[in-house]
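Presented below is the structure to which this report refers.
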């Protein structure tokens, strides 16, 4: 196995926007699925910065995981069908915000054997995450349980949820040439699976395929003649919702513009435990997320120029320009739109104890909670974007320029209170939906930023409330991360913000694994020419820590540039040359994988010169 760095383009509203520019260095662990080595691999961990500069690191101390079997190619062939209980669990926990077929129709088609296996495996993968979490909580109170299916953090065993997801991905590939609403839904669920396995780029790509297939089928068109139009509209709007959530989380423009959507979901009803009709929260969630998409699109567009700032008053001693006045008017319109949305909610959709309990009984509490927490987060974003996006230059800093600080603080506190209440009644209300993490993250950022800004004559009571809000949000994200590993971005970014670090390094201790049969990629393990050329231009005048990371990762190896290392066919290792570095320990393990010691640069200038030689 080797560490493969790569760059992602992230905008201002992203969970972890880059400190400088628009590209963030990330990394994944490439695992060779080579038949010769029986699917075994060795993990090479990146070392910390002290070890990079330490003279004593000549003898490598490479943390090596136990060799494990990763025969992913046999998942689809040898994995038995998932138990039907997982489909019921999916419908109970997730179908309220990922609607497709009504339960009775699903059961009928399942009995007839006419539901796609790739969809069933994708549903089982998501449901297994919830089931595995329940088993872990069951174990935590001292009960015995079969650990073989437990996805405990830190274990080397591949979880059953990952196996189901891999089977779904392998089965769905041929159907990309035969589109259907069912396959769109399967692609959507696989995207959720990718986020669960902390493969954010996989989330982006699989959701993108779902979007493209929606266009291919014309699901955005107002065609009511189809017999299954109700089901197809459910799927399409689930895709639209994910598009808006990803757009906000990556700082990118929405892929499905509002202008191409020819219809909206009409209000509909669900039956409560007493047989009475209640408003279904899902159509209202769709409307709210359309506003989220518009706000995030505008924030990302107006932050593209460093000269553009969002100024809410003229007391700073500078006159407002025409563009700044336009921004103020735009945000005033957003604020009014969010206010009108909440005002027009039906009474049975307002957040209170009775309504939440009713929705919990009919297994709709996740979508109900998602609706209200995103509404509160949107209030934060349209009134004080610099608090929920503290890493972006979106506003005037300093509490004196925060005219909505009280509103922002109360909004963040409301989110924490909602989560706390939900935890008492139905914890799966927030555990079942990974994208509830975004508004919780925004509330944590707002409370933390306000806490840092408070100073005399503020009393301790507001400070205590903000600290409690932050701790509640942080602990909630920790619990969600045990099910959805992609939330690690949120957690690590918050920790960096709380420590007042200038930036967060998401390449350290990366647990993202990608198994591939493409040995050319594994052997080369290097950035492509376009990225290399871009990096060569960007490195001048910038710190070289990221470049050290690329050497540690093994992306600049014997197959790149000047071919520094020559490998004897009869040898299991080589002696490295020292070209500007002290003993770059480039060795081969028994499976032919590169292992790297820590480079010892003589100076930054020498390092950059050597990099340019390679590039």
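Numbering (UniProt numbering), first residue to last: 1 to 615. Even for Gly, the Cβ is constructed at its ideal location relative to N, Cα and C. This one's a predicted model, so the numbers in the text were calculated from it and none came from an experiment.
For residue j and residue i, the rounded distance between their alpha carbons
i: residue 288; j: residue 498; result: 30 Å
i: residue 390; j: residue 166; result: 37 Å
i: residue 162; j: residue 192; result: 12 Å
i: residue 358; j: residue 102; result: 20 Å
i: residue 366; j: residue 118; result: 25 Å
i: residue 232; j: residue 244; result: 19 Å
i: residue 7; j: residue 23; result: 6 Å
i: residue 276; j: residue 270; result: 8 Å
i: residue 217; j: residue 240; result: 15 Å
i: residue 481; j: residue 429; result: 15 Å
i: residue 467; j: residue 476; result: 14 Å
i: residue 378; j: residue 292; result: 7 Å
i: residue 129; j: residue 187; result: 18 Å
i: residue 266; j: residue 423; result: 31 Å
i: residue 198; j: residue 215; result: 27 Å
i: residue 222; j: residue 464; result: 51 Å
i: residue 425; j: residue 368; result: 13 Å
i: residue 495; j: residue 501; result: 9 Å
i: residue 262; j: residue 219; result: 9 Å
i: residue 248; j: residue 300; result: 9 Å
i: residue 85; j: residue 285; result: 28 Å
i: residue 490; j: residue 470; result: 13 Å
i: residue 619; j: residue 281; result: For residue 619 there is no data in the structure shown, the boundaries of the chain being 1 and 615.
i: residue 81; j: residue 417; result: 41 Å
i: residue 168; j: residue 127; result: 14 Å
i: residue 237; j: residue 18; result: 31 Å
i: residue 16; j: residue 341; result: 29 Å
i: residue 160; j: residue 204; result: 23 Å
i: residue 336; j: residue 206; result: 35 Å
i: residue 9; j: residue 177; result: 29 Å
i: residue 114; j: residue 87; result: 15 Å
i: residue 64; j: residue 172; result: Since pLDDT at residue 64 reaches only 33, below the 50 mark, its modelled position is unreliable, and the value read off the structure follows with that caveat. So the alpha carbons of these two residues sit roughly 34 Å apart.
i: residue 279; j: residue 120; result: 29 Å
i: residue 325; j: residue 302; result: 13 Å
i: residue 268; j: residue 454; result: 45 Å
i: residue 451; j: residue 343; result: 30 Å
i: residue 264; j: residue 364; result: 21 Å
Bridge-paired residues (DSSP) for residue i
i: residue 468; result: DSSP output for residue 468 lists no bridge partner at all.
i: residue 368; result: Its beta-bridge partners do not exist; DSSP assigns none.
i: residue 23; result: 9
Own chain residues within Cβ distance below 6 Å of residue i, not counting five before or after
i: residue 91; result: 103
i: residue 487; result: 437, 477, 480, 481
i: residue 213; result: 179, 184
i: residue 376; result: 411, 414, 415
i: residue 93; result: 130, 428, 432
i: residue 242; result: 207
i: residue 210; result: 184, 187, 188, 239
Residue i, enclosing beta strand (DSSP E) - first and last residue
i: residue 277; result: 277-279
i: residue 271; result: 269-271
Same chain, Cβ closer than 8 Å to residue i, neighbours up to 5 away in sequence not counted
i: residue 380; result: 387, 388, 408, 411, 412, 442, 443, 446
i: residue 361; result: 272, 273
i: residue 616; result: The structure shown does not extend to residue 616, since the chain spans only 1 to 615, so no value can be given for it.
i: residue 338; result: 291, 375, 378, 379, 382
i: residue 258; result: 290, 293, 294
i: residue 109; result: 101, 115
Residue range of the alpha helix (DSSP H) that includes residue i
i: residue 176; result: Premise fails: residue 176 is in no alpha helix (DSSP H) and is neither H nor E.
i: residue 385; result: 385-388
i: residue 230; result: 229-250
i: residue 438; result: 437-453
i: residue 195; result: 181-196
i: residue 199; result: Taken as a continuous stretch (DSSP letters only), residue 199 belongs to no alpha helix (DSSP H), as it is neither H nor E.
i: residue 489; result: 488-498
i: residue 351; result: That residue, residue 351, is in no alpha helix (DSSP H); it is neither H nor E in DSSP.
i: residue 426; result: Unbroken run through residue 426: none, as it is neither H nor E.
i: residue 263; result: Counting along the chain, residue 263 falls outside any alpha helix (DSSP H), and DSSP gives it neither H nor E.
i: residue 90; result: 84-93
i: residue 105; result: 103-112
Spatial neighbours of residue i in its chain, beta-carbon cut-off 7 Å, leaving aside the 5 residues before and after
i: residue 419; result: 430, 440, 472, 476
i: residue 370; result: 97, 285, 433, 436
i: residue 89; result: 127, 130, 131
Residue i at chain C interface by Cβ criterion, 8 Å
i: residue 473; result: Annotation note: the requested chain C is absent from the structure, which comprises a single protein chain.
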